[in-house]
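Chains as they are written, first to last, in the working numbering: chain H, 1 to 185; chain Z, 186 to 382.
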Amino acid sequence: MNCSQYRFKISPYLDQELTFTELKMFREHLEGCPNCAELTLQMERTQVAMRDELQASLAPDFVPRLEARIRAEINRTPSWWRQMTAPRLVGFSPISLSGAAAAALAIVVIGVSLFLPDSAPLVDPPTSSTQNNPPVMMTRNSNPASQAANPLLTTTPQDSTPGQRDSVRRDFSRQMKYVNQGRRP
Amino acid sequence: MTPHQFTDEELIAQFQAGNENAYLEIVARFKDRLFTFVYRFVGDRDLAEDLVQDTLVKVYTHRHAYREIARFSTWIYTIAGNLARTELRKRKRRATFSMSTLGFGEKEYELPSEDYAPTKALEGEQTEKDIRMALARLPLHFRTVIILRDVQELSYEEISKIMKIPLGTVKSRVNRARLRLQEMLANVRTKGEERSE
């Protein structure tokens with residue numbers, strides 16, 4: 001190792017972090033190298049000076065001024081916020097408890113909606129344009145082929161024009177008339 | 186049990202439970218240490234005093250933010266360090282904006298006078314002044330670690346947590362900061378000796 005490599009060993013030497021072997025080699029180098037020995041001595045002195053001479057202390061009126069500032073800070077904070085953030089129940093503030101409750105409720109709602117069976121409505125909800133129309137029956141487990149054959153089941157209020165809806169209503173009334181009279185349409 | 190028999194962590198726990206006297210003990214314990222750290226960091230006494238006040242006010246108002254996963258000293262030094270860094274950044278921006286050629290903190294340092302001849306009594310004062318000058322010229326990341334290590338005497342682990350950098354990086358930064366500081370001090374001393382001749 002040369003001097004520039006030994007220079008990087010000075011700091012661990014000052015911190016007493018060199019291993020036994022490293023320390024032995026380092027000391028042997030210092031004995032034969034006055035420059036590294038002088039640098040080590042200077043760094044040691046600087047370290048002591050930094051610890052002893054760079055300590056600073058505050059003015060004696062610091063604490064009263066700090067207390068006055070804290071009082072001002074407390075008065076500036078709204079009382080409702082202090083109440084919300086102050087610890088109450090088992091070390092938790094009301095604001096954090098209410099946040100936790102909201103999160104728990106959201107988890108329950110999401111969980112329930114995931115595990116419920118398919119809850120598609122049997123009857124389409126009426127819309128403003130179809131409130132006067134009779135509801136069109138939609139069966140969940142019915143055969144799609146038979147639904148396709150029956151125009152009453154395939155036609156929905158959303159995808160028909162007013163004219164088509166009137167025609168469907170007329171057909172429906174006619175069929176109901178036949179049913180009531182015991183005849184086939 | 187008197188307050189000074191409690192550990193820092195016990196004191197903050199008592200303060201969190203509503204004991205204001207515990208806060209006063211924390212202030213008594215940390216005010217000068219924080220002041221030394223911040224003053225050596227920013228190089229301006231008044232600003233350092235304001236920043237220590239800000240730090241201690243934050244400890245008061247955010248006392249419930251402290252969790253006993255780290256040492257209390259780590260937490261409080263982190264607050265002080267962050268405030269000091271933010272302030273330095275602000276000042277740097279202002280200095281750049283005003284096109285000032287003076288670096289931050291330079292105004293309070295004076296060049297050694299022509300009749301510089303250190304007596305034994307003045308020697309310590311001069312050494313302190315030299316170190317302050319050299320510290321002020323160190324890059325911020327070197328200055329922070331060397332103050333925390335050699336002035337505040339914190340452990341490498343604590344510095345690593347305060348600065349949020351790996352332990353190995355702290356050690357290598359301290360190493361390089363000490364060497365750089367020594368070079369600067371050697372230059373300052375050489376200039377001083379030249380003037381005294």
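Backbone N, C-alpha and C define an ideal beta-carbon position, used for all residues, glycine too.
Can you check which of these residues, the options, is closest to residue i by C-alpha distance?
i        : options                                   : result
Lys216/Z : Ala233/Z, Ala319/Z and Ala202/Z           : Ala233/Z
Ala321/Z : Val223/Z, Glu194/Z, Gln190/Z and Ala250/Z : Val223/Z
Leu196/Z : Arg230/Z, Tyr245/Z and Val373/Z           : Tyr245/Z
Met235/Z : Met43/H, Arg45/H, Leu39/H and Val63/H     : A small fix is needed here, since residue 235/Z is Asp in this sequence, not Met. The candidate whose alpha carbon is nearest that of Asp235/Z is Val63/H.
Thr221/Z : Val48/H, Pro34/H, Thr21/H and Leu54/H     : Leu54/H
Thr46/H  : Tyr341/Z, Ala250/Z, Asn206/Z and Asp315/Z : Asp315/Z
Asn372/Z : Tyr13/H, Gln42/H, Met1/H and Leu30/H      : Gln42/H
Val355/Z : Ala207/Z, Ser258/Z and Leu339/Z           : Leu339/Z
Pro12/H  : Gln337/Z, Asn204/Z and Tyr341/Z           : Tyr341/Z
Ala37/H  : Pro60/H, Cys3/H and Gly111/H              : Cys3/H
Ile264/Z : Ile347/Z, Asn204/Z, Leu352/Z and Pro351/Z : Ile347/Z
Ile10/H  : Leu370/Z, Met369/Z, Gln199/Z and Ser357/Z : Ser357/Z
Leu370/Z : Lys24/H, Pro60/H and Glu44/H              : Glu44/H
What residue range does the alpha helix (DSSP H) around residue i cover?
i        : result
Tyr6/H   : Cys3 to Leu14
Cys36/H  : Pro34 to Glu53
His326/Z : Leu325 to Ile331
Ser384/Z : No answer is possible for residue 384/Z: the residues shown for chain Z start at 186 and end at 382.
Ala202/Z : That residue, Ala202/Z, is in no alpha helix (DSSP H); it is neither H nor E in DSSP.
Ala72/H  : Phe62 to Arg76
Tyr245/Z : Arg230 to Thr246
To the nearest angstrom, how far is the alpha carbon of residue i from that of residue j?
i        : j        : result
Leu18/H  : Glu253/Z : 33 Å
Met138/H : Ala100/H : Because Met138/H sits at a pLDDT of 48, beneath the cut-off of 50, its placement in the model cannot be relied upon, and the following sentence gives the value as read from the coordinates. So the two alpha carbons sit approximately 42 Å from each other.
Arg76/H  : Val242/Z : 13 Å
Val359/Z : Leu333/Z : 10 Å
Glu210/Z : Gln190/Z : 10 Å
Arg256/Z : Ile344/Z : 11 Å
Gly32/H  : Phe26/H  : 10 Å
Phe8/H   : Asp15/H  : 12 Å
Thr271/Z : Pro324/Z : 15 Å
Val212/Z : Ala106/H : 43 Å
Leu40/H  : Arg218/Z : Reading off the sequence, residue 40/H comes out as Thr, not Leu. Straight-line Cα distance between these residues: approximately 27 Å.
Asp171/H : Gln164/H : 11 Å
Thr192/Z : Gln201/Z : 14 Å
Val168/H : Asn180/H : 18 Å
Pro34/H  : Tyr6/H   : 13 Å
Val48/H  : Tyr251/Z : 33 Å
Arg248/Z : Thr21/H  : 47 Å
Trp260/Z : Lys349/Z : 12 Å
Phe327/Z : Ala72/H  : 37 Å
Phe115/H : Gln175/H : 41 Å
Arg214/Z : Arg317/Z : 24 Å
Met50/H  : Ser96/H  : 45 Å
Ser176/Z : Thr240/Z : There is simply no residue 176/Z to check, as chain Z begins at 186 and stops at 382 in what is shown.
Leu214/H : Val336/Z : No answer is possible for residue 214/H: the residues shown for chain H start at 1 and end at 185.
Ala198/Z : Asn204/Z : 9 Å
Ala56/H  : Ala102/H : 50 Å
Glu368/Z : Lys376/Z : 12 Å
Asn206/Z : Ser113/H : 52 Å
Ala68/H  : Ala104/H : 42 Å
Pro60/H  : Asp231/Z : 14 Å
Ile74/H  : Gly353/Z : 42 Å
What is the C-beta distance between residue i and residue j, in whole angstroms, given that I count them as a contact (C-beta under 8 Å)?
i        : j        : result
Ile331/Z : Arg363/Z : 7 Å
Ala319/Z : Leu366/Z : 5 Å
Gly404/Z : Thr312/Z : Because chain Z is modelled from 186 through 382, residue 404/Z falls outside the range shown and cannot be assessed.
Leu58/H  : Val237/Z : 7 Å
Tell me whether the segment 261-280 of chain Z and the segment 225-242 of chain Z touch, counting them as touching only if at least three CB pairs, one residue from each stretch, are closer than 8 Å. yes
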